[in-house]
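Contents: one structure, followed by commentary.
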Amino acid sequence: MKNTGFKENFLWGGAVAANQCEGAWNVDGKGVSTADVATGGAVDKAREYTEGVIDGKYYPSHEAIDFYHHYKEDIKLLAEMGFKCFRTSINWTRIFPVGDEETPNEEGLKFYDNLFYECLKYGIEPVVTISHYEMPYGLVEKYGAWRDRRLVDFYMNYCKTIFNRYKDKVKYWMTFNEINVLALHPFIPAGLRFREGENKLQVCYQAAHHQFLASAKAVKLGHEIDPEFKIGCMILYPQTYPEACNPMDVQAANEFMDTTYLFADVQVRGYYSNKAKKFFERNDIEIKMENGDEEILKEGKVDYIGFSYYMTIVKSAKGEDQTGGNMLGGVKNPYLKASDWGWQVDPEGFRISLNNLYDRYQIPLFCVENGLGAVDKVEEDGSINDDYRIDYLRRHIVEMKKAVEIDGVDLMGYTPWGCIDLISAGTGEMKKRYGFIYVDKDNDGNGTLERSRKKSFYWYKKVIESNGDELDSI
Ligand code: BG6
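Printed below as a string of structure tokens:
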């Protein structure tokens, strides 16, 4: 194979999350998760989270693309594209339906045995997120979710169970998906709801501390169970530009980035930075620590940084947010075009992000999400000509290649998001598609669930075959 700068064992693949694709929300002993109480939204409208599952409302994750019953045909298609790895998550509530049980649900465990077996059959390495935007709803109701320190133990019981069960099948893990989203959208990654009058930031960062402890303990335990495990954190990386070269705008952009770095710093370096401590002080946040917490964080530093990159944002000292984006907004960037959902497409920003992250932390990076959410049209002959998606991915891979070849960034792999169409995390829509594989289903849940190959399917197959050398459109 030609040396294209990417390592020979570069992990080309794709990514999904259990709650956005599996469906089968109450099958084989699965409990209700926080994702299961999220209704569908519409463009520009975020999903709404109800108090439990309410009759008569539409919950897109309840069926999603029914990956639970289609995984064999789906993995076969991914194998046809030549996937080296497949990033998915384990649905916590399949294993522990309420969350505080001592013994796991065997039927849930079996599903992932079968799924990972199916991947390995084709030489596809599973990359597993332990908690991807879902957790048992029972833990929200009984304990107030991650605000309660007991969640660390429940999470550890879950980790111990899945590490031991899948140690011969899974080597790559990530502890929490986009952990830094916690302070922006507290319910999605941490199941947090607030009581009247409480300091929300206090609750968020205390919950974050619990997740940091859980993550560190999971890293330590994982390495004890199998020293070969590679366990990463996963952050949403929001490369932020100042609106102007006005130093005040630069400061605003930096301050915004600090809220991300806080999360990566603790997981990668194993301690809170001085800046983080000052941020807590300024905001009346007092992190309640127990003896030994600092050691736990130090002992559980991650092996790699998993991150998502879709877009960049712009901040100004005036603080005006005008654009949409992946969980965040900012000022419009006049140099960039935006997707139909207002996400500002920035391939060069990808190279910048890779460099910033690698320079700062000096541990391997793994881009585990990137992609374009777009509306696809099925032609009369059944074909789907998603040139816009090919264009987006091609331009990002070109920049990723520069970061590796020219700048020397240590990158483990690349898994574009939603390699098979799934429901959107932000809006619950099916219409916002990312996949190489089309799934016949619409926003209201109609459709045959039939799978078909888009034009990008054939393109990405060539990209993988050539280890990132052949990027031109087909
Ligand atoms: C990331 C999440 O933030 O972005 C995914 O990890 C999500 O779960 C992806 O699906 C794309 O966002 P959306 O809102 O288009 O689904």
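All residue numbers for the sequence shown refer to the numbering used here, where the first residue is 5 and numbers rise by one. By construction, the Cβ of each residue, glycine as well, lies at the ideal position given by its N, Cα and C atoms.
| query | result |
| --- | --- |
| CB contact flag (Ala50, Asn181, <8 Å) | no |
| Same chain only: Cβ atoms within 7 Å of Ile99, ignoring 5 sequence neighbours per side | Pro108, Asn109, Gly112, Leu113, Tyr162, Thr165, Ile166 |
| Proximity below 8 Å, CB of Thr97 to CB of Gly35 | yes |
| Buried/exposed call for Gln255, threshold 16 Cβ in 10 Å | exposed |
| Residue of Val335, Tyr159, Asp425 minimising C-alpha distance to Asp70 | Asp425 |
| Strand pairing of Ile441, partner residues [DSSP] | Ile424, Arg457 |
| Rounded C-alpha distance that separates Ala211 from Ser277 | 18 Å |
| Segments of 4+ residues assigned as alpha helix (DSSP H) that fall wholly inside the region 206-288 | 251-273, 278-286 |
| Status (buried if at least 16 other CB within 10 Å, exposed otherwise) for Cys249 | exposed |
| Whole-number beta carbon distance between Met160 and Leu225, since they are thought to touch under 8 Å | 7 Å |
| Residue-chain proximity (Gly346, chain B), Cβ-Cβ < 8 Å | Chain labels in this structure do not include chain B; a single protein chain is all it has. |
| In DSSP terms, what Ile309 is bridged to | Cys237, Leu369 |
| Closer than 7 Å: Ala22 CB and nearest ligand 1 heavy atom | no |
| Inter-residue spacing [alpha-carbon to alpha-carbon] between Ile427 and Ser37 | 16 Å |
| Whole-angstrom C-beta distance between Tyr53 and Phe198, which should lie under 8 Å | With 8 Å as the limit, Phe198 and Tyr53 do not qualify as a contact, their Cβ atoms being about 13 Å apart. |
| Through-space distance from Asp385 to Ile183, alpha-carbon basis | 43 Å |
| Check whether Asn389 and Glu383 have beta carbons under 8 Å apart | yes |
| Contact the region 113-123 vs the region 149-156: 3+ CB pairs below 8 Å | no |
| Spatial distance of Tyr313 from Val379 (CA atoms) | 20 Å |
| 6 Å Cβ shell around Val318 - same chain, five flanking residues per side excluded | Tyr245, Glu247, Gly334, Val335, Asn337 |
| For Glu454, the nearest candidate out of His74, Gly60, Ile58, Ala42 (CA to CA) | His74 |
| Proximity to Gln215 [Cα-Cα], best of Asp230, Gly201, Tyr137 | Tyr137 |
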